[in-house]
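Engineer: So for the sequence shown, the working numbering puts the first residue at 2; every next one is plus one. Glycine included, C-beta positions come from ideal geometry on N, C-alpha and C. Here the structure is a predicted model, which is why all the values come from computation and not from measurement.
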Amino acid sequence: KGKNIQPTRTLEEFVSALKKPRIAMMMVKAGAPVDAVINQLSPLLEKGDIIIDGGNSLFTDTQRREKELAARGIHFVGMGVSGGEEGALKGPSLMPGGSRESWEVIAPIFRKIAAQVDGEPCCRYMGPNGAGHYVKMVHNGIEYGDIQLICESYAILKDILEMDAAQLAEVFTEWNRGELESYLIEITSQIFRKIDPETGKPLVDMILDKAGQKGTGIWTLQAAIRQYVVISTINAAVEARVVSSRKDERVAASKILPHPRLRKFKGNRARLIDAVRDALYASKIVSYAQGMELLRSGSAEYKWNLNLSDIATIWRGGCIIRARFLNRIVEAYQRDAELHNLLLDRYFTRAIKKAQPKWRLVVALAVKHGVAVPAFSASLAYFDSYRSARLPANLLQAQRDFFGAHTYERIDKPGVFHTEWTEPDHKSAAKPTEPKTPEPHHAGE
């Protein structure tokens with residue numbers, strides 16, 4: 002009532018009711034259903050009309066669809082939408098990708114319905130063809146990482162400190178007042194307070210520990226592998242869901258495989274809680290550094306010219322990963338738009354330095370107590386690898402040259418070399434060789 006909504010019963014009636022240039026938006030399940038709607042809708046449209054896909058489509062599908070429709074003069078916009086049920090009511094974060102011409106037409110509409118932060122709409126043009134859905138895919142991968150890191154913090158506090166739901170609610174409420182302030186931390190504190198009306202127990206304790214996923218995290222991993230980008234924290238988060246899904250196997254294994262026999266934690270509880278908070282923040286920094294690197298790599302690969310500061314800006318409101326932390330990322334890319342890795346920004350360098358001792362303590366304590374922390378561990382391992390001037394990959398290259406004659410480079414002189422490893426030393430001196438055709442990073446093993 003009071004809304005300018007005109008119901009229609011057929012696609013033909015729907016299209017005829019639209020003003021030109023027509024703008025038709027769909028939100029259907031990714032894959033074949035999107036193509037089915039396009040095949041039904043596009044014959045009814047004219048040159049200059051616009052189709053918007055607001056679902057979680059794979060960005061390569063969006064690239065294909067945009068190209069096919071552009072040949073017929075129809076604009077196709079792949080728009081990432083994040084916010085869940087609350088976003089639908091209060092305004093989502095919108096990540097549109099497509100032609101600049103189509104963006105100029107739809108911008109006034111979507112800027113109005115997007116979430117607002119500091120008076121700015123959480124909707125900016127991402128780039129051509131599949132850029133919007135690529136950004137949304139990476140957003141979802143980062144979301145996987147955020148959720149897993151929070152779950153590992155919960156596991157440490159619950160299993161080592163034996164905290165109950167009421168105590169956990171207080172901890173997460175306190176964390177939400179500092180640098181960890183975010184939608185996910187906020188709802189986590191609310192989750193711990195929810196009581197199951199059937200049992201009178203905290204509802205979280207009655208929920209089966211068997212996680213689901215829709216596949217966007219896997220898409221993120223596949224994109225990273227193709228582009229040779231490390232997103233180990235997100236990878237750990239995806240794999241943690243896979244392990245959790247094998248509930249029956251885990252229950253059986255728990256009766257067979259040994260676990261550490263340790264006494265109850267006797268240390269300073271308040272200090273450990275603070276240490277877990279710092280470990281969570283440091284791991285979160287690494288996870289976002291990896292995600293932003295994937296965005297930077299994708300931008301170069303597909304010539305999208307993504308603005309990383311803009312992306313962090315529109316993620317500050319409406320979406321699932323909205324957080325105070327994103328302001329720091331915006332500032333980092335405003336200082337240096339070409340920043341290669343978020344860890345190298347002065348703020349994040351200082352934050353990691355401050356958190357590092359407690360971060361290591363928490364990971365070591367979790368390992369000692371047999372509490373699985375794959376995302377914490379992956380984040381710390383990435384940090385240690387990235388900050389190392391020399392890694393053991395020299396041995397790796399020697400092994401590859403030994404079994405496959407893949408050659409290696411030396412630290413004392415230029416060139417590409419091969420050694421006959423089974424020959425006596427005086428006969429097996431490294432011999433310069435012609436560089437091979439550059440091989441894929443994974444070839445030869």
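Can the beta-carbon of G55 be found less than 7 Å from the beta-carbon of P22?
Structural biologist: no
Engineer: So which of G99, F111 and Q117 has the shortest CA-CA distance to M127?
Structural biologist: G99
Engineer: Quick check on E13: buried or exposed, where buried means 16 or more other Cβ atoms within 10 Å of its Cβ?
Structural biologist: exposed
Engineer: Which residues in the same chain have their Cβ closer than 7 Å to the Cβ of M207, if we skip the five residues on either side of it in sequence?
Structural biologist: D197 and T200
Engineer: With three or more beta-carbon pairs closer than 8 Å as the criterion, would you say the stretch 104-123 touches the stretch 312-330?
Structural biologist: yes
Engineer: I need the boundaries of the alpha helix (DSSP H) containing P358, first residue and last residue.
Structural biologist: R347 to H370
Engineer: What number of angstroms, rounded off, separates the C-alpha of I330 from the C-alpha of T434?
Structural biologist: 45 Å
Engineer: Would P375 and A225 be called neighbours here (beta carbons separated by less than 7 Å)?
Structural biologist: no
Engineer: Beta-carbon separation of V277 and I353 under 7 Å?
Structural biologist: For V277 and I353, no; Cβs fall outside 7 Å.
Engineer: Expressed to the nearest angstrom, what Euclidean distance is found between the alpha-carbon atoms of G445 and Q400?
Structural biologist: With a pLDDT of 46 at G445, under the threshold of 50, the predicted position of this residue should be treated as unreliable, though the coordinate-derived value follows. Roughly 11 Å separates the two Cα atoms.
Engineer: On a Cα-Cα basis, can you pick out the residue from T423, F349, Y387 and V364 that is closest to E180?
Structural biologist: F349
Engineer: Thinking C-beta only, is S298 closer than 7 Å to L307?
Structural biologist: no
Engineer: Can you grab the Cα-Cα spacing for the pair V230 / A170, in whole Å?
Structural biologist: 36 Å
Engineer: Would you call the stretch 204-218 and the stretch 129-147 in contact, with 3 or more CB pairs under 8 Å?
Structural biologist: Yes, the stretch 204-218 touches the stretch 129-147.
Engineer: Starting from V38, trace the alpha helix (DSSP H) in both directions and tell me its first and last residue.
Structural biologist: A33 to L42
Engineer: For Y184, which beta-bridge partners are listed by DSSP?
Structural biologist: Partner(s): none; Y184 has no beta bridge.
Engineer: Going by Cα to Cα distance, which pick from P97, R101, S103 and D147 is closest to C123?
Structural biologist: With distances taken between Cα atoms, C123 lies closest to P97.
Engineer: Just to check my reading of the structure: A238 and Q168 have Cβ atoms closer than 8 Å, yes? What is that Cβ distance to the nearest angstrom?
Structural biologist: Their Cβ separation, rounded to whole angstroms, is 25 Å, which puts A238 and Q168 out of contact at 8 Å.
Engineer: In chain order, which continuous runs of the alpha helix (DSSP H) of length 4 or greater are located wholly inside the stretch 152-217?
Structural biologist: 166-176, 184-194 and 204-207
Engineer: Given a cut-off of 7 Å on the beta-carbon distance, is the pair Y145 and I235 in contact?
Structural biologist: Against a cut-off of 7 Å, the Cβ pair of I235 and Y145 comes out as a contact.
Engineer: Round the Cβ separation of I52 and A25 to the nearest angstrom and send it over; I've been treating them as touching at under 8 Å.
Structural biologist: In this structure, I52 and A25 form a Cβ contact; the two beta carbons are roughly 5 Å apart against a cut-off of 8 Å.
Engineer: Would you report the Cα separation of N57 and R73, rounded to the nearest angstrom?
Structural biologist: 24 Å
Engineer: In angstroms with no decimal places, state the Cα-to-Cα distance between L46 and G85.
Structural biologist: 30 Å
Engineer: Among W360, A394 and K256, which one has its Cα closest to the Cα of A379?
Structural biologist: W360
Engineer: When you compare each of F60, D402, Q398 and G416 to Q223 by their alpha carbons, which one comes out closest?
Structural biologist: F60
Engineer: Residues in its own chain within less than 6 Å of A367 by CB, not counting five upstream and five downstream?
Structural biologist: I157 and V374
Engineer: Just mark Y155 as buried or exposed, buried being the case when its beta carbon has 16 or more other beta carbons within 10 Å.
Structural biologist: buried
Engineer: Would D147 be called buried (16 or more neighbouring beta carbons within 10 Å of its own) or exposed?
Structural biologist: buried
Engineer: Give me the DSSP bridge partner(s) of L95.
Structural biologist: V82 and C124
Engineer: For V136 versus I322, is the C-beta spacing smaller than 7 Å?
Structural biologist: no
Engineer: Would the stretch 381-395 count as touching the stretch 279-294 if we require 3 or more Cβ pairs under 8 Å?
Structural biologist: yes
Engineer: Around the Cβ of H427, are there at least 16 other Cβ atoms within 10 angstroms (buried) or fewer (exposed)?
Structural biologist: exposed
Engineer: How big is the Cα-Cα spacing for K397 and V205?
Structural biologist: Looking at the sequence shown, residue 397 is not Lys but Leu. Cα to Cα, the separation comes out at about 45 Å.
Engineer: Let me confirm a value: H260 is counted as buried when at least 16 other C-beta atoms fall within 10 Å, else exposed. Which label applies?
Structural biologist: exposed
Engineer: Starting from the Cα of A108, find the closest Cα among R125, S94, P93 and G92 and give me that residue.
Structural biologist: R125
Engineer: In this structure, does DSSP put D337 in helix, strand or coil?
Structural biologist: D337 carries a coil assignment under DSSP once its states are collapsed to helix, strand and coil.
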